[in-house]
Amino acid sequence: MSCSQKCIEAARKYLLWCANEHVEFRIPELKSIASMFNIPIKWIDKPKEDPYVIVEMMCEADARKLMSRSLLVRSCYELWGEGSTETELHSNVRSFPAEFMKPHLAPDKTFKVRVEAFNKTLKIADKLAKIEALEYLPFEGHVDLKNADTCLHYIEYYGLDPNSIPTTPYKMFVGRWVAEGQRELIGRFSLKTRNYIGSTSMDAQLAFIMTNLAQVQSGEVVADPFVGTGSILVSAAYWGGHVWGWDIDFLTLHARTKPTRHSQKKRLSCESIASNLEQYGLERHYLDVTVMDNAKPVWRAVPFIDAIITDPPYGIRESTERVGSLKVSRPSSYNQDDTTNTNTNTNTNTTTNTTTNTTTNTTTTNTNTTTTTNTNTTTTTTNTTTTTTTTTTTPHTTYSSSNHYPSKVSYSLSHVFCDLLNFAAIHLTIGGRLVFWLPVFREDYHDGMIPSHPCLELMYNCEQVLTVHSSRRLITLRKIRHPTGEETAIGQVADLTAKFRERFFQASLMTKYERQAIKSQFPRDKRGQGLGYRLEEAKNQTQMVRMDVAAKCEDSVIALCEATTRHKEEINILNNVNTVSVAMCEISTLGNDNNVKPIETNMTTECVTQDDSACCRHESSATRNNTLTSLSTGNQVIHKADKNTEGELNARVDL
């Protein structure tokens with residue numbers, strides 16, 4: 060019976076409970092798998108961070124196909140009801156169509172109910188109470204807690220923050236278990252038990268995610284241009300692909316590098332890329348690996364590869380190299396005969412000088428030639444010596460490609476990605492995918508820096524945070540047409556990745572406060588995820604906070620300036636009042652001693668603090684030695700005093 064015959068007219072909702080890691084890879088993986096199996100999916104609820112996704116599919120067979128490849132989905136449930144409160148939840152469960160429910164609650168079907176909570180541990184009594192609340196469901200079969208035919212799950216979601224768990228859950232779900240994801244492959248293909256690994260071996264989970272994004276299927280040809288220890292080949296071979304690859308590092312391909320395991324001091328003779336596939340019974344999918352430079356591919360320019368999955372070296376743990384030389388090229392006339400210097404002298408014995416480590420076999424033939432000349436009746440006899448030399452040179456002086464190891468030069472990341480995209484545009488089949496990692500600095504990254512090619516379409520761009528300052532992005536491209544003319548890749552990553560190694564180690568020298576400043580701009584949750592929407596929100600919030608702080612600071616500065624001005628004015632007024640009061644007292648005392656008429660008591664402070672009184676404090680010392688300050692209040696006049704009394708008064712006024 061076909062899937063279309065099994066499908067019911069109305070589509071059903073399915074709850075996909077996802078793993079709480081690699082959040083940005085979740086939706087791209089599901090979309091790639093659905094596209095590979097031609098599964099129509101309607102996205103009902105697709106939260107950016109919450110560990111669940113609600114989709115709508117036509118039949119249960121499609122859900123099982125989806126779970127047969129997914130690494131980031133733990134389980135799939137047929138959703139019977141959801142809600143933010145228990146009342147809403149049970150109301151939705153009661154309204155679930157009975158024709159969908161009864162086949163799984165029939166008398167011949169055993170069942171069990173399981174209660175789970177995300178980010179909270181429930182007590183057994185609470186679990187039993189929640190199970191009892193589902194007593195309205197028409198269960199007719201027997202309970203089987205080990206091998207039940209129908210597994211009903213009651214799931215509560217309490218958010219992601221373990222330090223702030225709410226009293227009631229944010230969301231509650233009730234659904235029938237349909238299928239499990241492929242999470243068990245993570246432990247089965249773990250690098251801890253892998254036969255041959257290196258310093259840059261790809262994590263098993265990420266390798267399987269890459270193969271899902273590349274849509275690897277049985278019988279397809281999968282290539283890795285930077286194969287290394289072949290971790291990606293193992294994952295691709297598990298899905299049935301015929302795998303092969305190449306790398307410029309001879310020692311890595313032949314397992315002659317230094318062991319990377321802590322307790323291992325020497326490589327075993329059985330370690331190799333082929334042994335990794337034999338370890339999992341996948342040797343029949345292994346084609347071969349080749350020592351080759353990706354900058355100079357030797358393959359014919361025909362499309363024959365279905366998927367290219369690779370992780371180019373970043374220059375951190377493994378160097379980026381290509382075949383080349385910085386030396387001046389040898390002249391074209393250079394040949395093996397130049398290694399032997401032979402001097403042949405006429406009329407003498409032949410002498411042959413050979414270089415070190417050279418064996419020379421010489422055969423000499425002497426021919427006597429007689430020449431008779433009639434002039435002056437002179438006879439000349441010439442002895443000519445013909446020498447044949449056969450030279451055999453030892454291997455280390457032979458300039459032959461069969462045993463010559465070419466020199467290598469630095470291979471910038473911008474050229475790495477341009478060559479990779481050009482190779483994919485030529486050798487990928489139509490619809491084939493290129494999946495690779497792109498290292499970036501988070502504060503410098505923007506979408507325009509992704510390398511592109513006219514024949515390749517960008518499908519997905521997912522971020523994995525590595526450190527506070529750097530991350531890598533998993534780029535997925537799909538070939539849409541064959542190249543025409545001189546179309547080449549556009550590598551906008553030159554400024555960002557050309558000196559990634561230098562910038563990486565410079566950033567590692569940042570101080571504690573510099574790291575904290577970057578963390579505030581690029582929040583990184585405890586699962587190590589780089590969430591693009593979080594970065595945008597953080598930038599917006601940071602900008603708003605800075606604007607608010609700047610506005611508040613500006614208001615505070617203005618208020619402080621105004622208060623300071625008022626305070627200075629008040630101080631000046633008080634100083635003037637005190638000065639005049641002291642002067643009045645002194646003059647009054649002097650007036651009494653020298654029979655000077657005192658100032659009347661009705662003189663006001665305002666009259667005393669006029670400009671005349673202020674000016675008398677700033678007169679020159681010569682003027683103050685001859686005159687007393689005149690303080691006018693109506694008709695009152697202060698007369699002159701003697702010189703000694705005036706000097707004492709001026710000193711007190713200055714104080």
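Those letters in the sequence shown? Residues 60 to 714, by our numbering.
Each residue gets a CB set at the ideal place from its N, CA and C atoms; glycine is no exception.
Using DSSP's beta-bridge definition, name the partner residues of residue i.
| i | result |
| --- | --- |
| H301 | V280 |
| G218 | Beta-bridge pairing links G218 to no other residue. |
| K101 | E115 |
| M231 | G142 and E215 |
| A296 | Paired residue(s): none; A296 is not in a bridge. |
| L487 | I364 |
| I549 | S511 |
| K538 | L515 |
| T136 | A quick correction: the sequence has Tyr, not Thr, at residue 136. The partner list for Y136 (beta bridge, DSSP) reads L74 and W236. |
| L493 | I367 and L536 |
| F177 | Y216 |
| K171 | C210 |
| P498 | R531 |
| D306 | V350 |
| V286 | Answer is none; V286 lacks a bridge partner. |
| V202 | F170 |
Pull up the distance between the alpha-carbon of residue i and that of residue j, whole angstroms please.
| i | j | result |
| --- | --- | --- |
| P362 | V494 | 17 Å |
| C514 | H212 | 47 Å |
| Y216 | F170 | 23 Å |
| S204 | L292 | The sequence given here has Leu at residue 204, not Ser. Their backbone Cα atoms lie some 40 Å apart in a straight line. |
| L312 | S294 | 18 Å |
| S530 | E502 | 10 Å |
| A188 | V202 | 17 Å |
| R123 | P284 | 33 Å |
| Y73 | L265 | 25 Å |
| T418 | T349 | Legend: pLDDT at T418 = 40, less than 50; position of this residue unreliable, value from coordinates given subsequently. So the two alpha carbons sit approximately 37 Å from each other. |
| K230 | Y195 | 21 Å |
| A176 | Y519 | 32 Å |
| Q241 | I224 | 30 Å |
| D715 | D306 | Outside the modelled stretch of the chain, which goes from 60 to 714, sits residue 715, for which no answer is possible. |
| A120 | P99 | 12 Å |
| D614 | E628 | 21 Å |
| G287 | T316 | 11 Å |
| Y345 | V302 | 5 Å |
| Y255 | L497 | 25 Å |
| S277 | W298 | 6 Å |
| G289 | K325 | 20 Å |
| R631 | H528 | Before going on, a small fix: residue 631 reads as Asn here, not Arg. In a straight line, the C-alpha of N631 is about 56 Å away from that of H528. |
| D220 | N178 | 8 Å |
| A618 | A610 | 12 Å |
| I190 | H505 | 50 Å |
| C620 | L633 | 20 Å |
| K101 | T226 | 33 Å |
| L327 | T535 | 36 Å |
| I368 | I539 | 17 Å |
| L244 | A263 | 8 Å |
If you drop the 5 nearest sequence neighbours on each side, which residues of the same chain put their C-beta closer than 7 Å to that of residue i?
| i | result |
| --- | --- |
| E199 | L164, A165 and P166 |
| N151 | G140, E141 and G142 |
| T570 | none |
| W236 | S134, Y136, C210 and H212 |
| S91 | N271, L272 and Q274 |
| F96 | K124 |
| N335 | R253, N254, Y255, G289 and V293 |
| D347 | W303 |
| F33 | Since the first residue of the chain shown is 60 and the last is 714, residue 33 is not available in this structure. |
Whose C-beta lies closer than 8 Å to the C-beta of residue i among residues of the same chain, with five residues either side of it excluded?
| i | result |
| --- | --- |
| T547 | C477, N481 and H512 |
| F155 | W139 and G140 |
Counting only the same chain and skipping the five closest in sequence on each side, list residues whose C-beta sits under 6 Å from that of residue i.
| i | result |
| --- | --- |
| G300 | V275, E279 and V281 |
| C77 | R85, P110, L131 and V132 |
| L75 | V112, V132 and C135 |
| I364 | V280, A282, H486 and L487 |
| V233 | W139, G140, V152 and Y213 |
| R537 | R492, E516 and M518 |
Inset, instruction - Taking 8 Å as the threshold, find out whether the segment 245 to 259 comes into contact with the segment 134 to 150 through three or more Cβ pairs. - result: Contact fails between the segment 245 to 259 and the segment 134 to 150, because fewer than three Cβ pairs, one in each stretch, are under 8 Å apart.
Legend entry - Runs of beta strand (DSSP E) lying entirely within the segment 309 to 370, each at least 3 residues, in chain order: 345 to 350 and 364 to 369
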